[in-house]
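Read through the structure below, which is laid out as structure tokens, and then see the notes.
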Amino acid sequence: MLEPENFETAVKHKVWVQAMEEEIKMIEKNNTWELTDRPKDKEVIGVKWIYKTKLNADGSIQKHKARLVAKGYSQLPGIDYTETFAPVARLDTIRALIAIAANKKWKIYQMDVKSAFLNGYIDEEIYVEQPQGFIAKGSEEKVLRLKKALYGLKQAPRAWYSRIDKYFMDREFRRSLSEPTLYIKSQGNDTLIVSLYVDDLIYTGNNEKMIQDFKEDMMKTFEMSDLGLMHFFLGIEINQEKEGIFICQRKYTRLYSRSSKWKAAK
């Protein structure tokens, strides 16, 4: 099924309606906003729906995802936001972590945080319109005041990074000086290494109990998807075998091949 370009198309298909309902449920469960009167002295930011089909490594459909996004391009610097920068793990760091795990024969696991940006706290007073399809009956003129960040806001990535970074610091992880998305925790001879790529986490170490305790604590703190052993990450296929860890970028090879053929055809 093609990804719809707008709400009017999406609402005609059950899978996308369910995806939107799941997104709203997650937002409300996270206590992201509250319904309030439209302010007279503040701009109200619009919102829109974005639709994406997530695929597995073999190309099959993993899930249909609807994301409610704020129209952050209308935000004013110094008024609606201040800091926006958030670090992202480099691919070289991910490869280095895989190499370390392979050398030490450690298993690598993967989790992702559901609707990660919704966990970031914001200091600014921000209002958004009610989303299409979910306007409160009898309160059509009201708006939503944000308590936490929403995707699309200029400060959303920074707010999420600040929240997750505090989580690691509170639990005695050490942040890498050269890679601010790499966290290491040591207990005697035991080590746990975690790499963060926005809302995806990969982690490895030499103590299975330490790994399990970390996973359980993350799942108590955030809404998580436990993906088990790392198999597919940032377009890289990972096979963890007794002989070692094998990586393959078949997806990029196919895309490059198609691109080359298309250019040749021109």
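Counting from 73, one number per residue, gives the positions in the sequence shown under our numbering.
Note that the Cβ used here is the ideal one computed from N, Cα and C, for glycine as well.
Since we're looking at a predicted model, the values are computed, not measured.
Counted within 10 angstroms of its Cβ, other Cβ atoms place residue i as buried (16 or more) or exposed
i    : result
A171 : exposed
R235 : buried
N191 : buried
I207 : exposed
M290 : buried
M241 : exposed
P149 : exposed
I133 : exposed
Cβ pair residue i, residue j closer than 7 angstroms
i    : j    : result
V119 : V200 : yes
K209 : E295 : no
A161 : Y269 : yes
L127 : M183 : no
E95  : A158 : no
Q227 : Y145 : no
A267 : L249 : First, the residue type needs correcting, since residue 267 is Ser and not Ala in the sequence shown. The answer is no: Cβ separation not under 7 angstroms.
I28  : R246 : Because the chain here runs from 73 to 338, residue 28 falls outside it and cannot be looked at.
N36  : W178 : Past the boundaries of the shown model lies residue 36; the chain is included only from 73 to 338, so the question cannot be answered.
Rounded C-alpha distance that separates residue i from residue j
i    : j    : result
Q284 : Y275 : 11 angstroms
L140 : I122 : 6 angstroms
F286 : D130 : 29 angstroms
K281 : A91  : 35 angstroms
L299 : P203 : 30 angstroms
K86  : I151 : 39 angstroms
I308 : C320 : 6 angstroms
S344 : P76  : Because residue 344 is not part of the residues shown, which for the chain are 73 to 338, the question remains open.
R167 : L306 : 11 angstroms
K314 : K176 : 12 angstroms
E197 : P229 : 17 angstroms
T104 : E93  : 15 angstroms
K97  : P252 : 32 angstroms
T263 : K84  : 50 angstroms
L74  : D237 : 37 angstroms
S258 : E288 : 18 angstroms
F304 : D109 : 45 angstroms
E340 : S297 : Since the first and last residues shown for the chain are 73 and 338, residue 340 lies out of range.
A102 : T125 : Before going on, a small fix: residue 102 reads as Asn here, not Ala. Distance between the alpha carbons of N102 and T125: 23 angstroms.
Expected contact under 8 angstroms - CB spacing of residue i and residue j to nearest Å
i    : j    : result
I265 : L163 : 16 angstroms between Cβ atoms; not a contact.
Q147 : L225 : 7 angstroms
T293 : Y239 : 6 angstroms
F79  : G205 : 6 angstroms
Own chain partners of residue i with C-beta closer than 8 angstroms, once the 5 adjacent residues on each side are dropped
i    : result
I180 : L169, I170, A173, I274, Y275, T276, L301, M302, I310, Q312 and I317
T156 : K226, Q227, P229 and R230
Contact set for residue i: own chain, Cβ-Cβ below 6 angstroms, skip 5 residues either direction
i    : result
A142 : I117, V119, V200, L222, G224 and L225
D271 : D184, V185 and A188
Same chain, Cβ closer than 7 angstroms to residue i, neighbours up to 5 away in sequence not counted
i    : result
I194 : L218, K220, A221, Q227 and A231
P111 : Y199
W88  : P76, A82, Y123, H136 and A138
L107 : A208, S211, K214 and L216
K114 : E197 and Y199
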